[in-house]
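Before any comments, here is the structure.
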Amino acid sequence: YKRLYEQNPNAINLVKTYEGNLLYDNMGLTTEDCEKLKNVEVVFHAGGSPNYVYEFCRTALPKLRVLAAATDLYKHKNFSETTLDNDELIHDIPLALLRLPTIGPACQEPMPGFVEILRGPTALMIGAGFALGRRDLPAEVLPVDLAVNALIAAAWERGI
Numbered sequence: 020y021k022r023l024y025e026q027n028p029n030a031i032n033l034v035k036t037y038e039g040n041l042l043y044d045n046m047g048l049t050t051e052d053c054e055k056l057k058n059v060e061v062v063f064h065a066g067g068s069p070n071y072v073y074e075f076c077r078t079a080l081p082k083l084r085v086l087a088a089a090t091d092l093y094k095h096k097n098f099s100e101t102t103l104d105n106d107e108l109i110h111d112i113p114l115a116l117l118r119l120p121t122i123g124p125a126c127q128e129p130m131p132g133f134v135e136i137l138r139g140p141t142a143l144m145i146g147a148g149f150a151l152g153r154r155d156l157p158a159e160v161l162p163v164d165l166a167v168n169a170l171i172a173a174a175w176e177r178g179i
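Residues are numbered in the numbering used here as their position in the sequence shown, beginning at 1, plus a constant of 19.
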């Protein structure tokens with residue numbers, strides 16, 4: 020974050036976020052929001068199964084170059100198989116699909132150990148002393164900053 024801020028202090032102004040609800044058509048976005056999104060080229064999705072986002076991208080984002088989706092290694096195991104089996108889907112949008120383990124505190128950015136909310140795997144690691152300090156019991160936890168960097172790199176490699 021520091022390097023980006025030093026190189027381009029206004030970079031954050033280029034990022035726009037939209038709150039979408041996967042239960043509704045067009046993700047519950049207004050017509051005005053959907054019109055603004057027609058120029059979107061890259062979508063990052065890390066909020067559950069990418070099935071609905073994938074459909075939205077196919078129909079509402081004509082300039083999309085890549086959908087980068089992070090799925091839980093343990094929950095959404097069938098998404099990639101059904102997507103890759105369906106030729107119609109695979110040719111429409113370049114898909115960068117990352118299947119990640121449990122996400123934990125940051126390794127480096129914005130600072131080592133950074134976490135917004137102390138719950139889930141982070142609380143468990145602190146409470147249990149990170150697998151009770153035994154090297155033969157490694158935790159399958161990926162630092163959040165490494166997960167985000169991997170998602171960005173995958174999107175770049177697949178779509179740009």
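Just so you know, even glycine gets a beta-carbon here, dropped at the ideal spot from N, CA and C.
Note down, in chain order, each residue of its chain lying with its Cβ closer than 7 angstroms to the Cβ of Ala79, except the 5 sequence neighbours on either side.
Residue numbering aside, residue 79 sits at position 60 when the sequence shown is read from its first letter. Non-local beta-carbon contacts of Ala79 in its own chain, meaning distances under 7 angstroms to residues more than five positions away in sequence, involve Asn45, Cys53, Leu56 in chain order.
Separation of Ile179 from Gly39, as counted between CA atoms
As a working note, residue 39 is residue 20 in the sequence shown. As a working note, residue 179 is residue 160 in the sequence shown. So the two alpha carbons sit approximately 25 angstroms from each other.
Straight-line gap, Lys82 to Leu161 (C-alpha atoms, nearest Å):
Position 63 of the sequence shown, counted from the start, is the residue given in the question as residue 82. Position 142 of the sequence shown, counted from the start, is the residue given in the question as residue 161. It is roughly 32 angstroms from the alpha-carbon of Lys82 to the alpha-carbon of Leu161.
Quick one: Cα of Phe125 to Cα of Ala169, how far?
What you label residue 125 is simply residue 106 of the sequence shown in a count that begins at 1. What you label residue 169 is simply residue 150 of the sequence shown in a count that begins at 1. The question names Phe, but residue 125 in the sequence shown is Ala. Between Ala125 and Ala169, the C-alpha separation is close to 13 angstroms.
I believe Asp155 touches Gln127 by the beta-carbon criterion, under 8 angstroms. Please report the beta-carbon distance rounded to the nearest angstrom.
Position 136 of the sequence shown, counted from the start, is the residue given in the question as residue 155. Position 108 of the sequence shown, counted from the start, is the residue given in the question as residue 127. About 26 angstroms; that fails the 8 angstroms criterion.
What are the boundary residues of the beta strand (DSSP E) that includes Arg118?
Walking along the sequence shown from the start, residue 118 turns up at place 99. Note, Arg118: beta strand (DSSP E), 114–119.
Alpha carbon to alpha carbon, how far is Arg84 from Asn58? Give it in angstroms, no decimals.
Position 39 of the sequence shown, counted from the start, is the residue given in the question as residue 58. Position 65 of the sequence shown, counted from the start, is the residue given in the question as residue 84. Taking C-alpha positions only, Asn58 is separated from Arg84 by approximately 10 angstroms.
Going by other Cβ atoms of all chains shown within 10 Å of its Cβ, with 16 needed for buried, is Ile122 buried or exposed?
Numbered from its first residue, the sequence shown carries residue 122 at position 103. By the neighbour-count rule (16 or more Cβ atoms within 10 Å), Ile122 is buried.
For Ala30, which residues in the same chain have their Cβ closer than 6 angstroms to its Cβ, ignoring the five residues on either side in sequence?
Taking the sequence shown and counting its residues from 1, one reaches residue 30 at position 11. Result list for Ala30: Leu23, in chain order.
Return the chain-ordered list of same chain residues with a C-beta closer than 6 angstroms to the C-beta of His64, the five sequence neighbours on each side being excluded.
Taking the first residue of the sequence shown as position 1, residue 64 is located at position 45. Cβ within range, chain order: Val72, Ala88.
Euclidean distance between Cα positions of Val134 and Thr50:
By one-based count along the sequence shown, residue 134 stands at place 115. By one-based count along the sequence shown, residue 50 stands at place 31. Cα to Cα, the separation comes out at about 35 angstroms.
By the 10 Å Cβ neighbour count, where 16 or more other Cβ atoms means buried, how is Leu42 classified, buried or exposed?
Mapped onto the sequence shown, residue 42 falls at position 23. Leu42 is exposed by the Cβ-count criterion.
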